[in-house]
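Engineer: Below is the structure I would like to discuss, written out as structure tokens.
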Amino acid sequence: MANGSVDGDVLEKIINLAKRRGFIFPSAEIYGGFRSTYDYGPLGVQLLRNVKNAWWRSMVQLRDDVVGLDAAILSPPAVWAASGHLETFTDPLVDCKKCHERWREDKIDGVCPKCGSTDFTEARAFNLMFKTQAGPVEGEGATAYLRPETAQGMFTNFNSILATSRKKPPFGIAQVGKSFRNEITPQNFVFRTREFEQMELEFFVPPAEAETWYRYWIETRYQWYLQLGIPADELRLLEHDPKDLSHYSRGTTDVEYRFPWGFDELEGIANRGDYDLTAHSNASGVKLEYFDQAANERYTPYVIEPAAGATRAMMAFLLSAYHEDEVEGEVRSVLRLHWRLAPTQIAVLPLSKKPELEGVSREVLSLLQPHYMCDYDVTQSIGRRYRRQDEVGTPLCVTVDFDSLDDRAVTVRDRDTTEQVRVPIEGLLAEISRRTAHL
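Residues in the sequence shown are numbered consecutively from 34, following the numbering used here.
Structural data, given as structure tokens:
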């Protein structure tokens with residue numbers, strides 16, 4: 034454990050830190066928990082929101098060729114029949130004949146992870162979608178499904194968005210939201226769960242431009258993770274072999290992160306061709322096409338889809354940010370989270386609980402809160418409070434001391450360098466803006 038690195042137990046350390054500091058809690062823990070479900074605590078909900086906001090900023094706010102959508106979670110069977118999910122969205126399921134545990138056949142290499150047996154039942158298909166009933170009367174006509182991905186709502190709304198947004202290919206529809214998959218073997222903390230959040234873009238392009246845009250989005254999405262602080266040696270791009278492609282894909286490349294168990298998928302970028310719009314057009318009887326007036330031709334756009342997991346991304350950012358180093362002879366754990374991702378950006382720390390400091394401290398807090406996510410902490414020694422803020426990833430601490438009553442200045446401490454600088458209160462916003470302008 035040197036130069037800020039951590040040992041192989043980092044996943045366990047992150048799980049413990051997440052619960053201890055209020056990032057992620059096991060769901061319904063007072064009832065014994067519910068397997069593979071988690072609740073995001075005060076810091077976790079903010080970190081997850083920041084991941085989604087950073088994605089939205091990059092994919093929608095900073096572009097003029099992408100619009101947003103928030104589609105329904107419940108959908109009728111017709112949507113999933115047309116998309117192919119009812120028929121093909123399955124995992125091969127086997128049971129161990131010795132210990133009777135159930136596993137995905139493609140994940141166990143022929144050996145039961147629990148008992149070591151190699152004696153399994155024949156594989157059978159298991160559909161991953163959650164089925165439910167809509168309305169008070171059960172029956173075939175009331176069947177509905179929780180969406181296993183956010184993509185289909187963007188395809189079924191293609192005509193409406195085309196008509197109301199005045200966009201034309203190439204243009205995209207972006208969506209962030211919950212998806213649900215009845216995973217056989219949820220695992221690795223929040224990496225694979227039955228309820229999760231996705232960040233997906235469906236980018237509609239003229240067929241002749243599909244390969245160019247496919248390559249563009251691979252590089253753009255890879256760079257997003259680098260820009261938010263994940264080092265290049267912890268990421269890789271993996272292009273799928275043609276024989277392993279999904280039924281809709283003409284090409285897929287994954288952005289993978291080096292998790293403690295090895296490289297695994299953060300995001301997939303797929304060239305879906307015209308599969309989706311054609312399938313829904315055929316099933317619904319409604320044409321999902323674009324008419325190019327300049328060329329006087331009508332065509333079905335191809336779709337390039339970057340699809341990322343918000344919860345997986347959050348987990349990767351946590352793992353990548355976790356460091357241990359030594360400060361003043363004491364080992365500290367620190368989350369070196371990017372400024373845009375940190376749950377708390379600035380902590381205001383009065384040196385003492387004495388009332389005379391509270392007025393100035395509250396003034397500083399009121400100055401910062403309209404612009405930044407802040408914490409106000411008065412408990413324990415200032416050293417312990419610094420360590421606590423380091424551990425949850427707070428980039429800057431602002432300490433108000435007794436000199437502040439006279440010189441109207443505060444001490445700004447940097448999380449990563451631990452350097453401290455005296456700054457006038459009236460210049461505090463300008464100083465923080467200067468430090469973060471490039472982020």
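By construction, the Cβ of each residue, glycine as well, lies at the ideal position given by its N, Cα and C atoms.
Everything numeric in this text was worked out from a predicted model, so none of it was measured.
Could you check where the beta strand (DSSP E) with tyrosine 290 kicks off and where it finishes?
Structural biologist: Counting along the chain, the beta strand (DSSP E) containing tyrosine 290 begins and ends at 284–292.
Engineer: In chain order, what residues of the same chain have a beta carbon less than 6 Å from the beta carbon of glutamine 453, not counting five sequence neighbours either side?
Structural biologist: Correct list, in chain order: Thr444, Arg446.
Engineer: For a test of the three-state rule: what should DSSP assign to valine 443, helix, strand or coil?
Structural biologist: Strand.
Engineer: Tell me threonine 123's beta-bridge partners as DSSP assigns them.
Structural biologist: DSSP, once it has assigned bridges, lists Asn160 as partnering threonine 123.
Engineer: What whole-angstrom Cβ distance do valine 288 and tyrosine 249 have, given they're in contact under 8 Å?
Structural biologist: That belief does not hold up - the Cβ atoms of valine 288 and tyrosine 249 are roughly 14 Å apart, past 8 Å.
Engineer: Which term fits glutamine 208, buried or exposed, when burial requires 16 or more other beta carbons within 10 angstroms of its beta carbon?
Structural biologist: Looking at its Cβ environment, which holds 16 or more other Cβ atoms inside 10 Å, glutamine 208 is buried.
Engineer: Check each candidate in Pro275, Glu267, Leu278, Arg53 and name the one with the smallest Cα separation from arginine 291.
Structural biologist: Checked all of Pro275, Glu267, Leu278, Arg53; the closest Cα to arginine 291 is Glu267.
Engineer: Alanine 196 to proline 334, Cα distance in whole Å?
Structural biologist: Their Cα atoms are separated by approximately 15 Å.
Engineer: I need the straight-line Cα distance from arginine 420 to aspartate 72, nearest angstrom please.
Structural biologist: Rounded to whole angstroms, arginine 420 to aspartate 72 spans 25 Å at the Cα level.
Engineer: Three-state secondary structure (DSSP) at alanine 87?
Structural biologist: Alanine 87: helix per DSSP, three-state reduction.
Engineer: Keeping to the same chain, check which residues put their C-beta closer than 8 Å to that of leucine 126; ignore five residues upstream and five downstream.
Structural biologist: Excluding positions up to five away in sequence, the list reads Arg135, Trp136, Arg137, Glu138, Ala156, Arg157, Ala158, Phe159, Ile217.
Engineer: State the DSSP-derived secondary structure class of isoleucine 415, mapped to helix, strand or coil.
Structural biologist: If DSSP states are grouped into helix, strand and coil, isoleucine 415 belongs with the helices.
Engineer: Which residues mark the beginning and the end of the beta strand (DSSP E) in which lysine 3 is found?
Structural biologist: The requested residue 3 does not occur in the structure, where the chain is confined to residues 34 to 472.
Engineer: Using 8 Å as the cut-off, can you tell me whether the segment 384–400 makes contact with the segment 358–376, which would need three or more C-beta pairs spanning the two stretches below that distance?
Structural biologist: The answer is no - the segment 358–376 does not touch the segment 384–400, with fewer than three Cβ pairs under 8 Å.
Engineer: Since proline 403 and leucine 76 are thought to touch, with beta carbons under 8 Å apart, how far apart are those beta carbons, to the nearest angstrom?
Structural biologist: No, proline 403 and leucine 76 are not in contact; Cβ-Cβ is about 21 Å, not under 8 Å.
Engineer: Tell me which same chain residues have a C-beta within less than 6 Å of the C-beta of serine 116, skipping the five on either side of it?
Structural biologist: Contacts found: Gln185.
Engineer: Could you give the C-beta distance for asparagine 304 and glycine 284, rounded to a whole number, given that I count them as a contact under 8 Å?
Structural biologist: At roughly 4 Å, the Cβ-Cβ gap stays under 8 Å, so asparagine 304 and glycine 284 are in contact.
Engineer: Determine the closest residue to proline 109 out of Gly362, Glu338, Ala175, with distance taken between C-alpha atoms.
Structural biologist: Residue Ala175 is the option with its Cα nearest to proline 109.
Engineer: Please say whether leucine 102 and methionine 187 have beta carbons closer to each other than 8 Å?
Structural biologist: Yes, Cβ-Cβ distance for methionine 187 and leucine 102 is below 8 Å.
Engineer: Can you grab the Cα-Cα spacing for the pair threonine 469 / tryptophan 246, in whole Å?
Structural biologist: In a straight line, the C-alpha of threonine 469 is about 32 Å away from that of tryptophan 246.
Engineer: When you compare the CB positions of valine 433 and serine 466, do they come within less than 8 Å of one another, or not?
Structural biologist: In this structure, serine 466 does not lie closer than 8 Å to valine 433 by Cβ.
Engineer: Could you tell me which residues DSSP pairs with isoleucine 57 in its beta bridges?
Structural biologist: Beta-bridge pairing links isoleucine 57 to Tyr73.
Engineer: Helix, strand or coil for asparagine 192 per DSSP?
Structural biologist: In this structure, asparagine 192 counts as helix in the three-state DSSP scheme.
Engineer: Could you name the residues of the same chain whose beta carbon sits closer than 6 Å to that of proline 240, not counting the 5 residues immediately before and after it, in chain order?
Structural biologist: The residues are Tyr335.
Engineer: Let me know if glutamine 413 comes out buried or exposed under the rule of 16 or more other beta-carbons within 10 Å of its beta-carbon.
Structural biologist: Exposed, by the Cβ-count rule.
Engineer: Does glycine 460 come out as helix, strand or coil in the three-state DSSP assignment?
Structural biologist: DSSP places glycine 460 in helix when its eight states are reduced to three.
Engineer: Over what stretch of residues does the beta strand (DSSP E) that includes histidine 356 continue unbroken?
Structural biologist: That run of the beta strand (DSSP E) goes 355–360.
Engineer: Could you check if glutamine 422 is buried or exposed, using at least 16 other CB atoms within 10 Å of its CB as the buried criterion?
Structural biologist: So glutamine 422 ends up on the buried side.
Engineer: Take asparagine 36 and list the residues in its own chain whose beta-carbon comes closer than 7 Å to its own, dropping the five residues that flank it on each side.
Structural biologist: Low confidence applies to asparagine 36: its pLDDT is 36, below 50, so where it sits in the model is not reliable, and the reading given next is rough at best. For asparagine 36, where only same-chain residues beyond five positions count, there are no Cβ hits under 7 Å.
Engineer: Short check: CB of arginine 82 to CB of valine 425, under 8 Å?
Structural biologist: Taking 8 Å as the Cβ cut-off, arginine 82 and valine 425 do not qualify as a contacting pair.
Engineer: Count the C-beta pairs between the segment 341–354 and the segment 77–97 that are closer than 8 Å, then say yes if the count reaches three, no if not.
Structural biologist: These segments touch.
Engineer: Between which two residues does the alpha helix (DSSP H) containing alanine 115 stretch?
Structural biologist: Residues 110–116.
Engineer: From the DSSP output, in three-state form, read off asparagine 304 for me.
Structural biologist: Strand.
Engineer: Would you say arginine 369 touches the ligand MN, meaning its beta carbon is less than 7 Å from a heavy atom?
Structural biologist: Inclusion of the ligand MN in the displayed structure is not the case, the ligand content being empty and no account of it being possible.
Engineer: Taking the alpha carbon of leucine 390 as the reference point, which residue from His118, Ser437, Val367 has its own alpha carbon closest?
Structural biologist: Selected option, being the one with the closest Cα: Ser437.
Engineer: Give the range of the alpha helix (DSSP H) segment to which proline 388 is assigned.
Structural biologist: 388–401 is the extent of the alpha helix (DSSP H) around proline 388.
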